[in-house]
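There are 2 protein chains.
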Amino acid sequence: MADEPISEKKRPATLGDVARLAGVSASTVSRALSRPDLVNEATRERITWAVSRLGYIPHGAARALAGRGHRAVGVVIPSLRFGVFAELVETIQARLDEAGFGILLGHTGGDPEREYEQARALVERGVDALVLIGNAQQPRLLRLITDVGVPVVTAFDYDESSALPCVGVDNEAAGRCLAEHLLDQGYDEIAIITQPTLSNDRSGKRVDGVASALRQIGRAVRPEFLIECDGLAPSARDAMGALLGGEKRPRAVVCFSDLMAIAATAECRAQGIAVPGEIAIAGFSGIGLSDMVDPPLTSVRIPAVEIGDLIAERLLAHLMDRAAVGSALVAHELLLRESTGALREL
Amino acid sequence: MADEPISEKKRPATLGDVARLAGVSASTVSRALSRPDLVNEATRERITWAVSRLGYIPHGAARALAGRGHRAVGVVIPSLRFGVFAELVETIQARLDEAGFGILLGHTGGDPEREYEQARALVERGVDALVLIGNAQQPRLLRLITDVGVPVVTAFDYDESSALPCVGVDNEAAGRCLAEHLLDQGYDEIAIITQPTLSNDRSGKRVDGVASALRQIGRAVRPEFLIECDGLAPSARDAMGALLGGEKRPRAVVCFSDLMAIAATAECRAQGIAVPGEIAIAGFSGIGLSDMVDPPLTSVRIPAVEIGDLIAERLLAHLMDRAAVGSALVAHELLLRESTGALREL
DNA sequence: TTGTATGCGTTATCAA
DNA sequence: TTGATAACGCATACAA
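From first to last, the protein sequence lines are chains U and C. Residues 1 to 346 (the working numbering) make up the first sequence, in order. Residues 1001 to 1346 (the working numbering) make up the second sequence, in order.
Below, the structure written as structure tokens:
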């Protein structure tokens, strides 16, 4: 304590400091830390002692520079405000952390431009791999990826023709599956509240799925029944208001997130419209709350945790053992609940 | 195109490559990139040309090693599953990104041990600053922080006696404020559903606040009315079940997150208990959904975005201009809604 | 305005 | 089993 120079704390201890204190060379310390089995019992002990004595912490950048890789992967998502992305990020972080990898985050707000910028910023920061959302990357982003040769996996959308390996659900099938359920229940006029489909391929494919189901019975999605909003509660509620205020009312509304579905339900409640009595409402994602609201929400569950696990697993296999990374289709799941219960007999 | 060697893409271009192609020295390129005003118009153009020609991307680790700092800050949170943390992280990331800083994430699951480990891992990765949650860090974490001299700001709890600068609300006051509202409404038996207070100082202080309000009128929190759960919906619902199944039923239940409050409401609904008719329920955080559910939820809003902004601002001021970072108290806000409406006349 | 030299902290390659 | 030495890619001080 008292024998410590007062203000020595400024400069963090380096490998050299430890070496000096332990009376060995820097390389030996380095070895002792990375492959302890290669160094003599006694020396190793002196070294660990010196390490803790000095509070030595390895310098990540120096390690990376010296060729060990940065031990970090970048994850670029639209926004953490959407539960599925938060779950994905958390899962990936937890799994990678076990292997000593960290994760760097980037948000796009759903803007493809920003997706490129964020991805590039992460690459510049030196991430060893990248996780992106969906399979609609801009060409220049694809080019960047191949140029720097960084491994990438995309999440949430499975597309066999994707340029990048992807882990996700078949969004078209998911949309269709939900629409078919609604049709089965007798709801034949289906509206959709979605995030902008231009920048969100998952939503676009879900719309296709719904349309496809409708086409089966000779119908189509009416243009005025396809409403885009920013995905957050207030605008989703407004969207529902617009739907209810239109000339013709839909019998069912599919929202591409549970959050939007809950907001839509709120608008119905405010207007005294029974759900599912007069209008059925369904969501997407199957967040933990969807069965806690009134009425419990029918939803297509997207298994974010499973997707995150698979991605982390693939990334690690590649990063550690140079394994090739391939795509994986994970199953969505239709959660049938009251919000799309049988249509009330009129 | 065709004149490019086939497999040159393996090794990413370096400053030296750019320099060679532009016919200047590496340092000139370095300057052209960091302080363009210091280099001749013409050379600068040749350099930018060479840069894009080669698809040159600066090597973050090398930059960091050469003394420019890592340009990254670490954020250690319990879990992204809780909306407030997701909002905090997103806000901080967005603000720091503008200044060229990235963020590295760590999750603790509410475990103080893991908080230490994650923080340490981030320090090792070279973050220039750290954001932690609450003001109950383990002593060894505090020691680590002073040892390595990394700037830290804590979020969500304001505590003037905190060892670290903090930006947050007065949780004790927030708890008291909510309890007082309930007492005003005539609910005098108040129960609490909370995350473990041992590892969560915010919750502990809120409990204190509620207790304090009760003490004002000569009452106290009954031990069996204080239930801890993991904070997620299912266990919160179970907690509510336990409360309802007890000998004596509370008249009001305060949940320390909106998610838990919604789950608690669901349990009441399932048991046919009117909210707020028979039991009032209140939440915390004021997430976007709290006014969309039925009944709309009374909640104490914790301004996560504002807190994130303030933190990012302080961090940047310190990182860029070496400004000292101080604490800030931000105001919570009582959102009065139906879930704690007047007690039904019996 | 530009170039040269040096160092950042670590790992890897080689000898000893 | 250990130590010396050379990278790693970039940013500076300093010289030109």
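Positions of the beta carbon are idealized from the N, C-alpha and C atoms, including for glycine.
With fewer than 16 other CB atoms across the displayed protein chains lying within 10 angstroms of its CB, Gln1138 (chain C) is exposed. Proximity of the segment 1066-1079 of chain C to the segment 1110-1122 of chain C meets the contact definition, three or more beta-carbon pairs being nearer than 8 Å. Around His1070 (chain C), the beta-carbon contacts reaching into chain U at under 9 Å are Gly60, Ala61 and Arg125. Distance from the CA of Ala1304 (chain C) to the CA of Phe225 (chain U), rounded to the nearest whole angstrom, comes to 35 Å.
Residue-level contact by beta carbon holds for Ile1103 (chain C) and chain U, with a gap shorter than 8 Å. Between the beta-carbon of Arg125 (chain U) and that of Gly1102 (chain C) there is about 5 Å, and that keeps the pair under the 8 Å contact cut.
Secondary structure at Ile1145 (chain C): helix, using DSSP grouped into helix, strand and coil.
According to DSSP, Arg1301 (chain C) shares a beta bridge with C:Ser1285 and C:Glu1333.
When CB distances to chain U are screened at a threshold of 8 Å, the residues of the segment 1256-1284 of chain C falling below it are Leu1259, Ile1262, Ala1263, Thr1265, Ala1266 and Arg1269, in chain order. Under the Cβ criterion of 8 Å, Val1253 (chain C) is not counted among the residues facing chain U.
When the Cα atoms are used, Val89 (chain U) and Ile262 (chain U) turn out to be separated by approximately 24 Å. For a Cβ distance threshold of 9 Å, residue set Gly83, Ala86, Glu87, Glu90 and Gly288 of chain U lies close to Arg1081 (chain C), ordered along the chain. Taken in chain order, the members of the segment 289-322 of chain U whose beta-carbon sits within less than 7 Å of a beta-carbon on chain C are Leu289, Met292, Val293 and Asp294.
When secondary structure is reduced to three states using DSSP, Thr197 (chain U) falls in the coil class, being assigned neither helix nor strand. Counting C-beta atoms within 10 angstroms of its own C-beta, Ser199 (chain U) has 16 or more neighbours from the protein chains shown and is therefore classed as buried. By the 16-neighbour rule on beta-carbons within 10 angstroms, Met320 (chain U) is exposed.
In the DSSP annotation of this structure, the continuous segment of the alpha helix (DSSP H) that includes Ala270 (chain U) starts and ends at Asp258 to Ala270.
Residue burial annotation: Glu87 (chain U) is buried, with at least 16 other C-beta atoms found within 10 angstroms of its C-beta. Closest by C-alpha distance to Cys177 (chain U), out of U:Gly109, U:Gln216, U:Val127 and U:Pro165, is U:Gln216. In the structure shown, Ala72 (chain U) adopts extended strand secondary structure according to DSSP, grouped into three states.
Given a length threshold of 4 residues, each whole run of the alpha helix (DSSP H) inside the segment 1029-1106 of chain C is given here in chain order: 1041-1054, 1060-1063 and 1083-1098.
Using beta-carbon distances, Val1148 (chain C) counts as an interface residue toward chain U, with a partner under 8 Å. Only those residues of the segment 179-204 of chain U whose C-beta falls short of 8 Å from the nearest C-beta of chain C would be listed, and there are none. Listed in chain order, the positions of the segment 114-145 of chain U with a beta carbon within less than 8 Å of a beta carbon of chain C are Gln118, Arg120, Ala121, Leu122, Val123, Glu124, Arg125, Gly126 and Leu144.
As the crow flies, the alpha-carbon of Gly168 (chain U) is around 23 Å from that of Glu113 (chain U). Under the criterion of beta carbons closer than 8 Å, Ala1129 (chain C) and Val1152 (chain C) qualify as touching, at roughly 7 Å.
The alpha-carbon of Gly1023 (chain C) is positioned some 41 Å away from that of Ala1312 (chain C). The residue from C:Ile1133, C:Val1148, C:Asp1111 and C:Gly1134 with its alpha-carbon nearest to that of Val1127 (chain C) is C:Val1148.
With contacts defined by Cβ atoms closer than 8 Å, Pro165 (chain U) and Val325 (chain U) form a contacting pair. Between Leu1310 (chain C) and Ala1328 (chain C), the C-beta spacing is below 8 Å. As DSSP reads the structure, Cys255 (chain U) sits in a beta bridge with U:Ile193. The segment 1271-1284 of chain C and the segment 1252-1261 of chain C touch, with no fewer than 3 CB-CB distances between them shorter than 8 Å. If you ignore the 5 residues before and after Val1029 (chain C), its C-beta comes within less than 7 Å of the C-beta of Leu1015, Val1018, Ala1019, Ala1022 and Ile1047, all in its own chain and listed in chain order.
Using a 10 angstroms sphere on the CB of Glu1160 (chain C), the tally of other CB atoms stays under 16, which defines it as exposed. In the structure shown, Gly277 (chain U) adopts coil according to DSSP, grouped into three states. Within the segment 210-252 of chain U, the runs of beta strand (DSSP E) at least 3 residues long that lie entirely inside it are, in chain order, 226-228.
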